[in-house]
Structures are given as structure tokens and as C-alpha cells.
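Colleague: Numbering (this note's numbering), first residue to last: 647 to 825. Glycine included, every Cβ here is placed at the ideal spot set by N, Cα and C. Structure below; questions to follow.
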């Protein structure tokens, strides 16, 4: 492309004296640099963002891939960095969920149910007075698509956190508050 552009400019220069074409070539170079800079600015900051998976058949010693998932949402929360996503596969999870993850304004951390699957977080086995899902000092975290039930205290709670979004969850049967 650059060779054909140079040939075209050479032909026009011979025919017209070249003043306007040289200015156009400089303008085109600046335009290409500007477009390259804008394109880089629009790319996500965390190009190396990861997606971790959690499944009842997993193990927290696994790497958290879809073929070797973690077992608990809490462990996945300890593994994430800004921009990462934790996708939880279908099933009934009976563990307390504790999330301290810290994303950023431009790279939120997302905890979500696997699309089209029913993910239940059930507190039936927890001791009385225990919150079921606790986001503690978490920042820029989304928690969405879960069914949270039978909490012995509060279904989903957040302590000393900021910029938390609790979206599209079905929370019920908590002894004190749902959220």
C-alpha cells in the first residue's frame, strides 16, 4: 500500500508541481498516527484479562479453566485481577461466598452465572447468623445471575466496599435481609 501510494504521489508531483501533494502525504501520515493512537486508546487496558471457571466437579487446586475449574467461588475471588471474569457453572453451592476482589473503574471484575445455567448459592448448611454472600472491601465488582437462598442472616451483603453492582440475582428465604 505504501509503495502504491508513493507511486501515485510521484505521478501527481510530476504533473502538478508537488506542493499540494507533499502536504497531503504529510497530512496522511499524521492521520495514520492519529488513528493508530485512537485505536490503542480504545483497546481494553487489561488485554490479558482472564476468565476463570467454577464448578461443583472442580478443585481449588486446579487452574480455574473450563476443563479444570475451581470448586469454590471464594477461591476464584482470591485468584482474580482487574478485568477478569469468574463464570460459575450450574449447581447448588452450599459454601459461604466471600469476595475481597479489587477491580478498577476501567477494568471491573465480574462474577456471573454461566449463561443459560441455574446457579444456586444455598445457605441451609451454614450456622445461624452467617451472611451467605459477603463482598468485603471489594471494589469495582459485578455479581450477577445467581439464585441466593436460605441465608441464616443476610443473603448478599457488602462491607466497606465501593462501586459494587449486584445485578439480576434472585435472593429469597433469608432470615434477616435479602440484600
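Look up residue 720 in the DSSP assignment and say whether it is helix, strand or coil.
Modeller: Stepping through the chain shown from its first residue, residue 720 is reached at position 74. Residue state, collapsed to three classes: helix.
Colleague: Check the C-beta distance from residue 787 over to residue 766 and give it rounded, since I have them as a contact under 8 Å.
Modeller: Within the chain shown, numbered from 1, the residue matching residue 787 stands at position 141. Within the chain shown, numbered from 1, the residue matching residue 766 stands at position 120. The Cβ separation is near 20 Å, so there is no contact.
Colleague: Cutting at 6 Å between CB atoms, please list the residues of its own chain near residue 907, excluding the five before and the five after it.
Modeller: What is shown of the chain runs 647 to 825, which leaves residue 907 out entirely.
Colleague: Let me know the secondary structure DSSP gives residue 804 once reduced to three states.
Modeller: Residue 804 sits at position 158 when you count from the first residue of the chain shown. The answer is strand: DSSP assigns residue 804 an E or B state.
Colleague: Inspect the beta-carbon positions of residue 776 and residue 798 and report whether they are closer than 8 Å.
Modeller: By 1-based counting over the chain shown, the position of residue 776 is 130. By 1-based counting over the chain shown, the position of residue 798 is 152. Contact: yes.
Colleague: How about residue 729 and residue 746: do their beta carbons lie closer than 8 Å?
Modeller: By 1-based counting over the chain shown, the position of residue 729 is 83. By 1-based counting over the chain shown, the position of residue 746 is 100. Cβ atoms of residue 729 and residue 746: not closer than 8 Å.
Colleague: Near residue 760, what residues of its chain come up, given a Cβ to Cβ distance below 7 Å and the 5 sequence neighbours on each side ignored?
Modeller: Taking the chain shown and counting its residues from 1, one reaches residue 760 at position 114. Excluding residues within five positions, the ones whose Cβ falls inside 7 Å are 733, 734, 735 and 736.
Colleague: Exposed or buried, what is residue 751 when buried is set at 16 or more other beta-carbons lying within 10 Å of its beta-carbon?
Modeller: Counting from 1 along the chain shown, the entry for residue 751 is found at position 105. Classification for residue 751: exposed.
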